[in-house]
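Colleague: Those protein sequence lines, which keep their order, are chains A and B.
Be aware that the first sequence starts at 1, since it is given in the numbering used here, and climbs by one per residue.
Be aware that the second sequence starts at 1, since it is given in the numbering used here, and climbs by one per residue.
Built from N, CA and C at the ideal position, the CB exists for glycine as well.
Structure below; questions to follow.
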Amino acid sequence: MTYIRPTRRGAAVAAVAALMVTGLAACGSDDNSDGANATSGDSGEVTMWSRAPLERQATNAVDAYNANHDTQIKLEILPNDDVEGKVGAAVQTDTLPCLLAGDVVRVPYWTQQGVFADITDKIDSLENLDDLAVGHIEAGTYEGSKYTLPFVQDISVLVWNKDLYQEAGLDPEKGPTNLDEFVDQAEAVAALNKDGVSGSYLSGQSGGALVFTLFPSVWADGEEVMNADGTEALLDSDSAAAVFDAYRELAETTNGLGAGSQEETGATWTAPFAEGNVGVMPYPFTSVSGLFDTADFEIGVSGIPGSTGGSSTFLGGDAIGISSSCQNVDGAWDFLSWLMTDDAQQEVFADNNDTAANLSVLKNGYADADPRTQIANAVIENGRTPASVNFNEAFNAAGSPWQLLIQNAVWGDDDSLTDDNAAITAILGQ
Amino acid sequence: MVRKSPSGTEGQGLRERLAPPRRVPNAVKEHEDVRASRGHQGIVKGPSRSEVLGNRLGWTFVSPTLLIIALLFIAPIVLVFVMAATKWTLMGGQQDVNFPENFHKVFADPLLMDSAWFTLKYTFATTFIIMPIALGLAMLVQESRRWNNIIRTAILLPSALGIASSSLLFYALYSPQVGPLNSILAKLGLMEQNASLLGSPNGALWATVFLVVWRFSGYYMLLTMVGLQAIPPDVYEAAKIDGANRFQSFMNITLPLLKPTLAMTWIMSITGSLLAFDQFYVLTKGGPNNSTVTVVQLIYKYAFETKKDLGMAAALSVIVLVALVVINFFMLKSMGVNDEED
Numbered sequence: 001m002t003y004i005r006p007t008r009r010g011a012a013v014a015a016v017a018a019l020m021v022t023g024l025a026a027c028g029s030d031d032n033s034d035g036a037n038a039t040s041g042d043s044g045e046v047t048m049w050s051r052a053p054l055e056r057q058a059t060n061a062v063d064a065y066n067a068n069h070d071t072q073i074k075l076e077i078l079p080n081d082d083v084e085g086k087v088g089a090a091v092q093t094d095t096l097p098c099l100l101a102g103d104v105v106r107v108p109y110w111t112q113q114g115v116f117a118d119i120t121d122k123i124d125s126l127e128n129l130d131d132l133a134v135g136h137i138e139a140g141t142y143e144g145s146k147y148t149l150p151f152v153q154d155i156s157v158l159v160w161n162k163d164l165y166q167e168a169g170l171d172p173e174k175g176p177t178n179l180d181e182f183v184d185q186a187e188a189v190a191a192l193n194k195d196g197v198s199g200s201y202l203s204g205q206s207g208g209a210l211v212f213t214l215f216p217s218v219w220a221d222g223e224e225v226m227n228a229d230g231t232e233a234l235l236d237s238d239s240a241a242a243v244f245d246a247y248r249e250l251a252e253t254t255n256g257l258g259a260g261s262q263e264e265t266g267a268t269w270t271a272p273f274a275e276g277n278v279g280v281m282p283y284p285f286t287s288v289s290g291l292f293d294t295a296d297f298e299i300g301v302s303g304i305p306g307s308t309g310g311s312s313t314f315l316g317g318d319a320i321g322i323s324s325s326c327q328n329v330d331g332a333w334d335f336l337s338w339l340m341t342d343d344a345q346q347e348v349f350a351d352n353n354d355t356a357a358n359l360s361v362l363k364n365g366y367a368d369a370d371p372r373t374q375i376a377n378a379v380i381e382n383g384r385t386p387a388s389v390n391f392n393e394a395f396n397a398a399g400s401p402w403q404l405l406i407q408n409a410v411w412g413d414d415d416s417l418t419d420d421n422a423a424i425t426a427i428l429g430q
Numbered sequence: 001m002v003r004k005s006p007s008g009t010e011g012q013g014l015r016e017r018l019a020p021p022r023r024v025p026n027a028v029k030e031h032e033d034v035r036a037s038r039g040h041q042g043i044v045k046g047p048s049r050s051e052v053l054g055n056r057l058g059w060t061f062v063s064p065t066l067l068i069i070a071l072l073f074i075a076p077i078v079l080v081f082v083m084a085a086t087k088w089t090l091m092g093g094q095q096d097v098n099f100p101e102n103f104h105k106v107f108a109d110p111l112l113m114d115s116a117w118f119t120l121k122y123t124f125a126t127t128f129i130i131m132p133i134a135l136g137l138a139m140l141v142q143e144s145r146r147w148n149n150i151i152r153t154a155i156l157l158p159s160a161l162g163i164a165s166s167s168l169l170f171y172a173l174y175s176p177q178v179g180p181l182n183s184i185l186a187k188l189g190l191m192e193q194n195a196s197l198l199g200s201p202n203g204a205l206w207a208t209v210f211l212v213v214w215r216f217s218g219y220y221m222l223l224t225m226v227g228l229q230a231i232p233p234d235v236y237e238a239a240k241i242d243g244a245n246r247f248q249s250f251m252n253i254t255l256p257l258l259k260p261t262l263a264m265t266w267i268m269s270i271t272g273s274l275l276a277f278d279q280f281y282v283l284t285k286g287g288p289n290n291s292t293v294t295v296v297q298l299i300y301k302y303a304f305e306t307k308k309d310l311g312m313a314a315a316l317s318v319i320v321l322v323a324l325v326v327i328n329f330f331m332l333k334s335m336g337v338n339d340e341e342d
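Right, dumping it as structure tokens:
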């Protein structure tokens, strides 16, 4: 046995050496980050993650801030599908960026899991707190503490192609005010029987796009899609069934729903309308505002109607918070507090025809803006942001029970609504 | 290998360590001296000094590989087993041990049976299409004829492309917006112009199978070709003299002598298909409506998409690991391959 000992000792030495090397490497990286923090305070560099669909707005905000501040925000754009995985991996390895912006429906789960730092005091100290849109703050409120502020507001609106309306003999200035009119007008466009043109369009396999476009019709009737805790789905109500039936009728009409609607995974769901091939459909306002100048057809905008004539919108977009592993909280907060000011909201959002998160800017900041932007802004007060910890799994994930509900209700068996709704509740309530 | 130094002293120490003692008279002498001197002290229980030296040297040579295996293979497997028995969420990190709750949750998921069934279906489809094609191609190009090098290269070329890249390539080909296939198929009257090839469950399955056959046929052709070329030509010659026709020599010489190679390619193909992920992740995302979710995709979904539960993902990984071991064991048995045949 004595002869084996040296070998063991050798292995031990090797192990110690290895530990020392990695230890030194760790010290090295620590030194680096400490160095960065030492120069920070009010200046330095703050990293930030945002996702690809809102790249334009995020870039506008960061460029405007970097132009006249010592602190520089370093923006990294994540592909929409990779957000959950990247954030999860970063939490495990403690490498989250200082500022993290994410889809507002994901924020309740992140907050509950401790991704964000508690900034209740800082948020409460904001002078214009009462003016800020509440949906994005509420989504990031957990056990009485506040974690997030609104970043980019993306609302859903109803858009229609005025050129196609003219051709179909409809009044191009009058969009639908309830679901029956929506179906009638879509059918009129479908009856044109033009190659590639359809009455409406639906993103059949993108749960995220479907909640964004269909929930407002339920809310417009004064109904709810979930209970107050977000633990039970209420999508088998008459009001919800009326929405699904409207799309079912269009799906059964020739050219009623654009080709590929049933298979659309959300990657290209805004393209057919942008190319002038869709009569009328619910649409993200951040996308349509970019079309006002570039599209070679005229566009009408209104709130999304319900079956009884009201209208509503999905207050989506991204909320933003400071991550729990952020070393430069002051630098990050400097950016956030600047972004909440009236001036910043005006410069970053209102001047670019985007939706501000600040009510006073929404009211006063769009005097020179396109009238359609004002129509969209007016819908916001009826808008809603659904909040549930398991929202992503129940609604947004590929193959979610909500996606299957729509597939059945619009294209498949008409009689499984109760079961499909129960399947969503099973996920929400776990 | 050891260079002889003029004095004969320089290389001696090294030689003494490296070479087996018997071949070096000097070392034998020393060796015996040691034994003799020890023998005086009593009965020798432990290994001799040079054996120990040899063992130690051996371990030194093996240790880098051992370290890599321990770090990159054994440690992750142990970690997966620990994870599978632990409540371990994506954001919340490692929490307390909860065995066997993760396994209960996995078995309670209705998607599990669907994905297992789909994975099996996909595995059968790809393997039973690729294997005959690979064998046929290998026989086609095994003899050196004029154009064979070009043909071999052409067939092998898709294998040089990563599976993710080729999936992306086919995603574009299948796209109704930018792909050329839709208009061709529409003109032939096989489908509607604007419908998506990936839109129906069967369409998505066969479109993926087509991609995988294109991507892997050349690779398995190469492996099969190596096996074919290892068969001695005189066996065929003898068969020819005995009057065997081509079919008879294929059935009675090629197939039996190719058995070890075929066993290897079948196992590689089946194992690879059972672990399919990239092509479905890029092409179908498990859709339409969860009809093309493979087991590995389900692991990914548990970890990063739906449950965000690394414990559940690890539990399913363990189940898949066990299933693979069992399937491969029975495959090797049924093909009659044992250790001797290697």
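Using a Cβ-Cβ cutoff of less than 6 angstroms, which residues in the same chain neighbour Leu258 of chain B once the five nearest sequence positions on both sides are dropped?
Modeller: Hits under 6 angstroms: Gly227.
Colleague: Please list the partners that Lys285 of chain B has in chain A, where partner means a Cβ-to-Cβ separation under 7 angstroms.
Modeller: Thr265, Ala398
Colleague: In whole angstroms, give me the CA-to-CA distance for Ala295 of chain A and Lys74 of chain A.
Modeller: In a straight line, the C-alpha of Ala295 of chain A is about 33 angstroms away from that of Lys74 of chain A.
Colleague: Applying the 10 Å Cβ sphere with the 16-neighbour rule, what's the burial state of Gln229 of chain B?
Modeller: Gln229 of chain B should be labelled exposed.
Colleague: Are there 16 or more other CB atoms within 10 angstroms of the CB of Val326 of chain B, so buried, or fewer, so exposed?
Modeller: exposed
Colleague: Please list the partners that Val149 of chain B has in chain A, where partner means a Cβ-to-Cβ separation under 8 angstroms.
Modeller: With the sequence shown as reference, residue 149 of chain B is identified as Asn, and Val is not the correct amino acid for it. Ordered by position in chain A, no residue passes the 8 angstroms Cβ test against Asn149 of chain B, which lies about 41 angstroms from the chain.
Colleague: For Gln248 of chain B, is the beta carbon positioned less than 7 angstroms from some heavy atom of the ligand MG?
Modeller: For the structure depicted, the ligand MG is absent and the ligand set is empty, with no information on it obtainable.
Colleague: When the Cα atoms are used, what is the spatial distance from Asn421 of chain A to Gln374 of chain A?
Modeller: 36 angstroms
Colleague: At 8 angstroms on the CB atoms, spell out the chain B contacts of Thr268 of chain A, in chain order.
Modeller: Gln177
Colleague: To the nearest angstrom, how far is it from the Cα of Phe182 of chain A to the Cα of Ala191 of chain A?
Modeller: 14 angstroms
Colleague: If you reduce the DSSP assignment to three classes, tell me which class Ala267 of chain A lands in.
Modeller: coil
Colleague: Could you give the distance in angstroms between the alpha-carbon of Pro25 of chain B and the alpha-carbon of Ser50 of chain B?
Modeller: Here the model assigns Pro25 of chain B a pLDDT of 47, short of 50, so the residue's position is not dependable and the matter cannot be decided.
Colleague: Report the option in A:Ser325, A:Pro53, A:Asp195 whose CA atom is closest to the CA atom of Asn255 of chain A.
Modeller: The shortest C-alpha to C-alpha distance from Asn255 of chain A to any of A:Ser325, A:Pro53, A:Asp195 is the one to A:Asp195.
Colleague: With Pro176 of chain A as the anchor, note down where its alpha helix (DSSP H) starts and where it stops.
Modeller: Taken as a continuous stretch (DSSP letters only), Pro176 of chain A belongs to no alpha helix (DSSP H), as it is neither H nor E.
Colleague: Of the choices A:Val278, A:Thr341, A:Gly140, A:Glu393, whose alpha-carbon is the least far from that of Lys301 of chain B?
Modeller: A:Glu393
Colleague: Going along the chain, which residues of its own chain have a beta-carbon closer than 7 angstroms to the beta-carbon of Phe329 of chain B, five neighbours each way excluded?
Modeller: none
Colleague: By Cβ distance, which residues of its chain are closer than 8 angstroms to Lys121 of chain B, with the 5 residues on each side in sequence left out?
Modeller: Leu205
Colleague: Applying a beta-carbon distance threshold of less than 9 angstroms, which residues of chain A neighbour Met91 of chain B?
Modeller: Val87, Gly88, Val91, Gln92, Tyr109, Trp110, Gln112, Gln113, Gly114, Val115
Colleague: Are the stretch 162-176 of chain A and the stretch 336-348 of chain A touching, with three or more C-beta to C-beta distances below 8 angstroms?
Modeller: The answer is no - the stretch 336-348 of chain A does not touch the stretch 162-176 of chain A, with fewer than three Cβ pairs under 8 angstroms.
Colleague: Listed from N- to C-terminal order along the chain, which residues in the stretch 183-203 of chain B have their beta-carbon within a distance smaller than 9 angstroms of any beta-carbon of chain A?
Modeller: Glu192, Gln193, Asn194, Ala195, Ser196, Leu198, Gly199, Ser200
Colleague: Could you please give the first and the last residue of the uninterrupted beta strand (DSSP E) stretch that includes Asn161 of chain A?
Modeller: 148-161
Colleague: Of the residues that make up the stretch 400-421 of chain A, which ones have a beta carbon closer than 8 angstroms to any beta carbon in chain B?
Modeller: So the list reads Ser400, Gln403, Leu404, Gln407, given in the order they occur along the chain.
Colleague: Taking the C-alpha atoms as reference points, what is the distance between Asn148 of chain B and Pro158 of chain B?
Modeller: 17 angstroms
Colleague: For Arg384 of chain A, which of helix, strand or coil comes out of DSSP?
Modeller: strand
Colleague: Quick one: grab the DSSP three-state call for Arg51 of chain A.
Modeller: Strand.
Colleague: Note down, in chain order, each residue of its chain lying with its Cβ closer than 7 angstroms to the Cβ of Thr418 of chain A, except the 5 sequence neighbours on either side.
Modeller: So the qualifying residues of the chain are Asp236.
Colleague: Look up Val278 of chain A in the DSSP assignment and give the residues it is bridged to.
Modeller: A:Ser198
Colleague: Around the C-beta of Thr308 of chain A, are 16 or more other C-beta atoms found within 10 angstroms, so that it is buried, or is it exposed?
Modeller: exposed
Colleague: What whole-angstrom Cβ distance do Thr71 of chain A and Val46 of chain A have, given they're in contact under 8 angstroms?
Modeller: 6 angstroms
Colleague: Please return the same chain residues whose Cβ sits closer than 7 angstroms to the Cβ of Tyr171 of chain B, not counting the five positions on each side in sequence.
Modeller: Only Val282, Leu283 meet the Cβ criterion.
Colleague: Going by beta carbon distance, what residues of the same chain come within less than 6 angstroms of Asp354 of chain A, once the five residues before and after it are set aside?
Modeller: Gln57
Colleague: Please identify the residue among A:Phe285, A:Ser217, A:Leu257 whose C-alpha is closest to the C-alpha of Pro272 of chain A.
Modeller: A:Leu257
Colleague: Determine the closest residue to Leu210 of chain A out of A:Pro176, A:Ala186, A:Gly222, A:Gln403, with distance taken between C-alpha atoms.
Modeller: Residue A:Gln403 is the option with its Cα nearest to Leu210 of chain A.
Colleague: Just checking my contact of Val293 of chain B with Phe118 of chain B at CB under 8 angstroms: how many whole Å lie between their CB atoms?
Modeller: In this structure, Val293 of chain B and Phe118 of chain B form a Cβ contact; the two beta carbons are roughly 6 angstroms apart against a cut-off of 8 angstroms.
Colleague: Measure the CB-CB distance between Leu111 of chain B and Leu156 of chain B and report whether it falls below 8 angstroms.
Modeller: Result no, Cβ atoms of Leu111 of chain B and Leu156 of chain B do not sit closer than 8 angstroms.
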